[in-house]
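Numbering (the working numbering), first residue to last: 8 to 544.
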Amino acid sequence: MTDDTFAIIPRPLDVTVGRSGATGGLLMDGLVISYVPELVQEARWFRQVLEAGTGWLIHLAPYESAHDAAIELSLGPLTELSSHVARGPQNVTPDAAYRLTSSEGRVVITSPGPVGAFYALQTLRQLLPDLTFRKAGRSEPIRLPDLVIVDAPRFPWRGVLLDVARHFMPKSFVLELIDLLALHKCNVLHLHLTDDQGWRIAIEGYPRLTEVGAWRRESPASGATDARPGRSPQGGFYTRQDLEEIVAYAAERHVRVLPEIDMPGHMLAAIGAYPALGNTDEHLSVDTTWGVSSHVLNLEDDTLRFCTDVLDEVVRIFPGPYVHVGGDECPTSEWKTHPRAQEIMREEGYDDEGQLQGWFSLRMGEHLAQRHRRLVGWDDLLERGAPSNAILMAWQDEARGVAAVSAGHDVVMVPQEWLYFDRPASAGPDEPVGFPGVTTLEKVYLHDPMPDAVPDAQRHHVLGAQCQLWTEYVATPRQAEYQYFPRLCAFAEIAWTVESPEQPKSYQEFVGRLGRHLGRLTAMDVNFRTLEGPDPA
């Protein structure tokens, strides 16, 4: 990059600024966006956001008939990417690459596919004044610099997890978060929909999952890290129509929604709704404390049928190729005395109840495969028996990801030490209560999602990375924004940007761009943590 004044986040592969005095693109009221038919969705999206932020009237016209377009969207190969691909990106998706040229009064965008055109438009937004990021406003004509940007992502999986099970987040916030993911060129929203403390997805045929499982009578006291009760009842859930809207909204912004139904552990909310799913005769309730419940699903045929029924509903709602079935932190004590569990142990020749979790996961994987879906699970499945084609999320540490790759699995790197945003952003006493440990902005930025221990021949198995926000101590959307930002900006850059000798990673350089980028987040009313430290509010 020959000029860092544009503060683009994540940083593009290459920015070449034109000669001194050259004119760039000119945008103003009445401008025309031309597009090839394959890019009509992207053209419509950009017209919507640009009209809102500027007050302009913007016209769309087919590419062939527009001779005076200020913005041109076209499809085509990017030959100049070959050297960049050779020097570093793993699993680069050609469809996501783009070239943006601002010169002689026009902006010309070329990409191999629609997703690249969309990312080019997100970059173009960041070349505009901060005020254009507001939901309404007025703007004078905008003169852009003369430049050429060539860009492509490092990894195909650039994900963000939102836990809506511990604290329900309204649909409006999920939609806003999708816009923020898209702005930062992240492309997966992982919704953790179920856990011991709440069930958030309506399932046809099982109404008590939301009538009972979506609500808990109390939560730990505000700010408490122990189990003291003190908060009012909490709950909520998404209807099928809500989730279909979320999926469609995300798809328009090239974000895939990954649903997670955590099983066979972390299922107390479901067992509270349907006691027959459990291993005991107790009538249990949705968990009112944090942590891991010892109550897990039994392995009876009727319970397996319940699980596959739930997954079938999930598949009907979420069209993506993956379904996350959790598989983490599953206690096995109840299986030691349950007749069906012990019967399976004898039939399979198992000598440890942990193997029953692998038995369960294999059946869920087979069921999903019949529905043309691929199972995703946490790295706990590595020892307990993950389906051979399962994608594993390495959350415990990097070594788990390396081991999963060695076992032949595709892996998404989500190590808690660097990418868990429920941890405080500093060790200071004014930080919001969170899980033990500290995850600073610098720590996130200096992390490399590709472990050095992964051999070159196996690096294609590392699909990418994901940051996580668990919400035990995050009760509102404003709190969630505060925990995400600006650390999500750093994450977006390490998942997207390819380092090179010409553009080495520099935290100070990043912070310089980030300082300007926060003006955009301010215009979007994002409740971020300032670079100076925590906000008492």
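We treat Cβ as the ideally placed atom computed from N, Cα and C, and that holds for glycine.
Just so we're clear, the structure is a prediction, and the values are computed from it rather than from any experiment.
- Each residue's CA atom was taken as its position, placing residue 515 and residue 351 some 57 angstroms apart.
- Judged by DSSP in its simplified three-state form, residue 469 adopts strand.
- Between the alpha carbons of residue 447 and residue 533 lies a gap of roughly 19 angstroms.
- When the Cα atoms are used, residue 313 and residue 304 turn out to be separated by approximately 10 angstroms.
- Here the C-alpha atom of residue 221 lies approximately 44 angstroms from the C-alpha atom of residue 65.
- By the neighbour-count criterion, in which 16 or more other beta carbons inside 10 Å mark a residue as buried, residue 106 falls on the buried side.
- In this structure residue 200 does not touch residue 262 by the C-beta definition: roughly 16 angstroms separates them, more than the 8 angstroms allowed.
- When secondary structure is reduced to three states using DSSP, residue 342 falls in the helix class.
- DSSP places residue 110 in the strand class (E or B) of the three-state scheme.
- The Cβ-Cβ distance between residue 138 and residue 32 does not fall below 8 angstroms.
- Residue 218 and residue 243 have their C-alpha atoms roughly 9 angstroms apart.
- Within the DSSP bridge table, the entry for residue 79 names 41, 115 as partners.
- In the three-state reduction of the DSSP assignment, residue 176 falls in the coil class.
- Annotation: the continuous beta strand (DSSP E) that includes residue 266 extends over 263-267.
- Using a C-beta cut-off of 8 angstroms, the segment 267-283 makes contact with the segment 328-348, since at least three inter-stretch Cβ pairs fall below that distance.
- The beta-bridge partner set that DSSP reports for residue 208 consists of 245.
- Within the same chain, and ignoring the five residues on either side of residue 320 in sequence, the residues whose Cβ sits closer than 7 angstroms to its Cβ are 210, 211.
- When DSSP reads this structure, residue 400 sits in a beta bridge with 385, 419.
- By the neighbour-count criterion, in which 16 or more other beta carbons inside 10 Å mark a residue as buried, residue 286 falls on the buried side.
- Closest by C-alpha distance to residue 207, out of 169, 190, 194, is 169.
- Within the same chain, and ignoring the five residues on either side of residue 438 in sequence, the residues whose Cβ sits closer than 8 angstroms to its Cβ are 431, 432, 541.
- Cβ-Cβ separation between residue 342 and residue 360: approximately 5 angstroms, consistent with a contact (criterion under 8 angstroms).
- Straight through space, the alpha carbons of residue 85 and residue 281 are spaced by roughly 55 angstroms.
- In the three-state DSSP reduction, residue 72 falls in the helix class (H, G or I).
- It is roughly 9 angstroms from the alpha-carbon of residue 144 to the alpha-carbon of residue 63.
- Nearest to residue 420 by C-alpha distance, out of 451, 435, 434, 511, is 451.
- The C-alpha of residue 397 is placed about 12 angstroms away from the C-alpha of residue 365.
- No residue range can be given for residue 302, since it is assigned to no beta strand (DSSP E) and is classified by DSSP as neither H nor E.
- Counting along the chain, residue 198 sits inside the beta strand (DSSP E) bounded by residues 195-199.
- Taking all protein chains in view, the Cβ of residue 216 is crowded by 16 or more other Cβ atoms within 10 Å, so the residue is classified as buried.
- Going by beta carbons, residue 324 and residue 251 fall inside the 8 angstroms limit.
- Going by C-alpha positions, residue 291 is about 16 angstroms away from residue 226.
- When the Cα atoms are used, residue 442 and residue 241 turn out to be separated by approximately 21 angstroms.
- By the C-beta density criterion, residue 467 is exposed, having fewer than 16 other C-beta atoms within 10 angstroms.
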